[in-house]
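Novice: For what it's worth, our numbering labels the leading residue of the sequence shown as 5, then goes sequentially.
Glycine included, every Cβ here is placed at the ideal spot set by N, Cα and C.
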Amino acid sequence: MPEERTSLGTVYDLRGKRVWVAGHGGIVGSALVRRLKHEKCTILTITRQEVDLTRQDQVEAWMRETAPDAVFLSAAKVGGIFANESYPADFIYDNLLIEANVIRTAFEVGVEKLLFLGSSCIYPKLATQPIVEEELLSGPLEPTNQWYSIAKIAGIKLCQAYRSQHDCDFISAMPTNIYGPGDNYDLNSGHVVPSLLQKAHNAKMSSAASLEIWGTGSPMREFMHVDDCADALVFLMKHYSDKGHINVGSGKDIRIDDLALLIMKIVGFQGELVRDTAKPDGMARKLMSSDRLAALGWRAGIELEAGLRQVYAERFGNENPRERKALRLD
Ligand code: GFB
């Protein structure tokens, strides 16, 4: 049973509630389901094949039938920098529809509390670092993910509008770059962590001379293990109720080339690091300030190297019994 990391009063008690995790098949949704098993609530899930969240009639039928008390809206069209650039229409259209359908129907069926998940890419390209929540809409967006970003900003505004007009307890959380079990390992559409784990593993297995990263390697990114993220989201569901969105980060960032070197060390690949500078860098830096979350009493607990070691061992196997024991894999 995870410890409660705060002495704050509970504003929303999950005990006995029917809680829908929208998007339970994704990396964050599946971590939320794992985390919610420690709460005394009923977890509701539905697959994409059964209910298409971009279809309003299907969303309405499902929500009327199941009558959730609380909703974690973690369903989204997501992907790494290349996928965002390649499929702008899908990223803006699918995400706008999913948010509009679920948030509107949550109001109609009387959902007591809804948590909408955004992303650190809502912030302007040149936002002051670490990025505080007030930086939203203070400048132009990073072009590589502006489509996704606009859709996520619309989701925040939808929650605020329903709170303002109808007094709905709908909140928004902005997680930083997430990694962990259930990630997408496709090299074209995935994010940097699973891609580099996969590339380094392939390079080791084939005794390759080098590992190629995209871009210059100079961008900085903040990473958070998805189990930390899920714990923070459950914490916010219970303890946060405000119209302002709130950042969910680890508070530390790392250069992409240093991340690659760390992953090479973990995987045990000793070749050369090369850079494909024809590929985009994206934002130079996007370290969020998570001071507001810390002030509520929550902090991330999983260090990057330990988290990466665990993910690598789980995904690709780890034959070292001492390390398996240390990582609690058995
Ligand atoms: O994780 P990533 O695709 O997303 O890329 P973003 C992070 C950084 O790693 C970029 C570099 O500077 C990439 O150029 N990188 C180096 C690589 N090698 C690789 C590689 O093999 N694969 C990938 N994917 N990147 C996303 C947004 O931006 O962040 C999404 O596009 C979302 O919409 C997500 O917001 C959290 O951090 O650049």
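Alpha carbons only, please: which of Ala26, Asp94, Gly221 is nearest the one belonging to tyrosine 152?
Specialist: For the purposes of this step, residue 152 is taken as residue 148 along the sequence shown, with counting starting at 1. For the residues Ala26, Asp94, Gly221, the minimum Cα distance to tyrosine 152 belongs to Asp94.
Novice: Nearest-angstrom Cα distance between asparagine 192 and glutamate 146?
Specialist: As a working note, residue 192 is residue 188 in the sequence shown. As a working note, residue 146 is residue 142 in the sequence shown. Straight-line Cα distance between these residues: approximately 20 Å.
Novice: Go through the residues and name those whose CB comes closer than 5 Å to any heavy atom of the ligand GFB, in chain order.
Specialist: Residues flagged by the Cβ proximity filter: Gly84, Ile85, Asn88, Ser123, Cys125, Asn149, Tyr152, Asn181, His195, Val196, Ser199, Ile217, Trp218, Gly219, Pro223, Ile260, Asp285, Gly286.
Novice: For the beta strand (DSSP E) containing alanine 26, name the first residue and the last one.
Specialist: Walking along the sequence shown from the start, residue 26 turns up at place 22. Looking at the DSSP string, the run of the beta strand (DSSP E) that includes alanine 26 is 22-26.
Novice: Any chance you could list the alpha helix (DSSP H) runs of at least 4 consecutive residues sitting entirely within the segment 78-127, in chain order?
Specialist: Runs found: 85-90, 92-112.
Novice: Can you tell me which of the three DSSP states phenylalanine 273 falls into?
Specialist: Along the sequence shown, read from residue 1 onward, the residue named residue 273 stands at position 269. It is coil, neither helix nor strand.
Novice: Contact defined as beta carbons within less than 8 Å: I believe glycine 122 pairs with glycine 84. What is the distance between those atoms, to the nearest angstrom?
Specialist: Sequence index remark: in the sequence shown, residue 122 carries index 118 (1-based). Sequence index remark: in the sequence shown, residue 84 carries index 80 (1-based). Between glycine 84 and glycine 122 the Cβ distance is about 17 Å, and since that is not below 8 Å, they are no contact.
Novice: List, from N- to C-terminal side, the beta strand (DSSP E) runs of 3 residues or more that fit wholly inside the segment 43-69.
Specialist: Those beta strand (DSSP E) runs which fall completely within the segment 43-69 and span 3+ residues are 46-48.
Novice: Given 8 Å as the limit, is there contact between the segment 205-217 and the segment 232-252, that is, 3 or more CB pairs closer than that?
Specialist: No, the segment 205-217 is not in contact with the segment 232-252.
Novice: Looking at C-alpha atoms only, which residue of Val230, Ile217, Asp17 is the closest neighbour of proline 284?
Specialist: Here residue 284 corresponds to residue number 280 of the sequence shown, with the count starting at 1. Nearest C-alpha to proline 284: Ile217.
Novice: Using 9 Å as the threshold, is the C-beta distance between proline 144 and cysteine 233 below it?
Specialist: Along the sequence shown, read from residue 1 onward, the residue named residue 144 stands at position 140. Along the sequence shown, read from residue 1 onward, the residue named residue 233 stands at position 229. Going by C-beta atoms, proline 144 is not nearer than 9 Å to cysteine 233.
Novice: Checking the sheet assignment: what are the DSSP bridge partners for glutamate 137?
Specialist: Reading the sequence shown from its first residue, position 133 is the one you call residue 137. According to DSSP, which records beta bridges pairwise, glutamate 137 is partnered with nothing at all.
Novice: From the DSSP output, read off the bridge partner residues of asparagine 192.
Specialist: By 1-based counting over the sequence shown, the position of residue 192 is 188. Answer is none; asparagine 192 lacks a bridge partner.
Novice: Tell me the rounded alpha-carbon separation between valine 23 and proline 72.
Specialist: Looking up residue 23 in the sequence shown gives position 19. Looking up residue 72 in the sequence shown gives position 68. Distance between the alpha carbons of valine 23 and proline 72: 6 Å.
Novice: Which residue from Gln274, Ala26, Tyr183 puts its Cα closest to that of glutamine 337?
Specialist: This structure does not reach residue 337, given that the chain is present from 5 up to 334, and the question cannot be answered.
Novice: With respect to the beta strand (DSSP E) encompassing glutamate 226, which residues constitute its N-terminal and C-terminal limits?
Specialist: On the sequence shown, position 222 is the one that residue 226 refers to. Looking at the DSSP string, the run of the beta strand (DSSP E) that includes glutamate 226 is 224-229.
Novice: Keeping to the same chain, check which residues put their C-beta closer than 6 Å to that of alanine 35; ignore five residues upstream and five downstream.
Specialist: Position 31 of the sequence shown, counted from the first residue, corresponds to residue 35. These residues qualify, in order along the chain: Val230, Asp231, Ala234.
Novice: Give me the Cβ distance between leucine 297 and isoleucine 250, rounded to the nearest whole Å; I'm assuming they're in contact under 8 Å.
Specialist: Taking the sequence shown and counting its residues from 1, the one referred to as residue 297 is at position 293. Taking the sequence shown and counting its residues from 1, the one referred to as residue 250 is at position 246. Sure, about 6 Å apart at Cβ, within 8 Å.
Novice: State yes or no: is the C-beta of glycine 219 within less than 9 Å of the C-beta of isoleucine 260?
Specialist: For the purposes of this step, residue 219 is taken as the residue at position 215 of the sequence shown. For the purposes of this step, residue 260 is taken as the residue at position 256 of the sequence shown. A contact, by the Cβ cut-off of 9 Å.
Novice: Would you call the CB atoms of serine 3 and glycine 253 closer than 9 Å?
Specialist: Here the chain has residues from 5 to 334 only, and residue 3 is not among them.
Novice: So, with DSSP's three-state summary, where would you put glutamine 314?
Specialist: As a working note, residue 314 is residue 310 in the sequence shown. Here glutamine 314 sits in helix by DSSP.
Novice: Report, in whole angstroms, the separation of the C-beta atoms of valine 63 and valine 55, which I expect to be a contact under 8 Å.
Specialist: Position 59 of the sequence shown, counted from the start, is the residue given in the question as residue 63. Position 51 of the sequence shown, counted from the start, is the residue given in the question as residue 55. Indeed, because the Cβ distance is near 7 Å, the residues count as touching under 8 Å.
Novice: When you compare each of Val113, Thr70, Ser176, Lys269 to isoleucine 47 by their alpha carbons, which one comes out closest?
Specialist: Numbered from 1 along the sequence shown, position 43 holds the residue referred to as residue 47. When only C-alpha atoms are compared, the closest one is Thr70.
Novice: In chain order, which continuous runs of the alpha helix (DSSP H) of length 4 or greater are located wholly inside the segment 245-293?
Specialist: The segment 245-293 contains these whole alpha helix (DSSP H) runs: 260-271.
Novice: Grab me the residues of lysine 117's own chain with a C-beta within less than 6 Å of its C-beta, minus the 5 sequence neighbours each way, in chain order.
Specialist: Against the sequence shown, residue 117 aligns to sequence position 113. Answer for lysine 117: Tyr16, Ala74, Asp173, listed in chain order.
Novice: What's the C-alpha gap between alanine 65 and alanine 80?
Specialist: For the purposes of this step, residue 65 is taken as the residue at position 61 of the sequence shown. For the purposes of this step, residue 80 is taken as the residue at position 76 of the sequence shown. Straight-line Cα distance between these residues: approximately 20 Å.
Novice: Does DSSP classify proline 218 as helix, strand or coil?
Specialist: As a working note, residue 218 is residue 214 in the sequence shown. The amino acid occupying residue 218 in the given sequence is tryptophan; proline does not appear at that position. If DSSP states are grouped into helix, strand and coil, tryptophan 218 belongs with the strands.
Novice: So, is alanine 282 buried or exposed, given that buried needs 16 or more other C-beta atoms within 10 angstroms?
Specialist: Position 278 of the sequence shown, counting from 1, holds the residue named residue 282. Looking at its Cβ environment, which holds fewer than 16 other Cβ atoms inside 10 Å, alanine 282 is exposed.
Novice: Excluding five sequence neighbours on each side, which residues of the same chain lie with their C-beta closer than 6 Å to the C-beta of glycine 33?
Specialist: As a first step, residue 33 must be located in the sequence shown, where it is residue number 29. Around glycine 33: Val25, Gly27, Ser78.
Novice: Taking the alpha helix (DSSP H) that isoleucine 306 belongs to, which residues open and close that run?
Specialist: Mapped onto the sequence shown, residue 306 falls at position 302. Where isoleucine 306 is concerned, there is no enclosing alpha helix (DSSP H), given that its DSSP letter is neither H nor E.
Novice: If distances are taken between C-alpha atoms only, which option among Tyr97, Phe111, His205, His170 comes closest to isoleucine 267?
Specialist: Start at 1 with the first residue of the sequence shown, and residue 267 comes out as number 263. Cα-wise, what sits closest to isoleucine 267 is His205.
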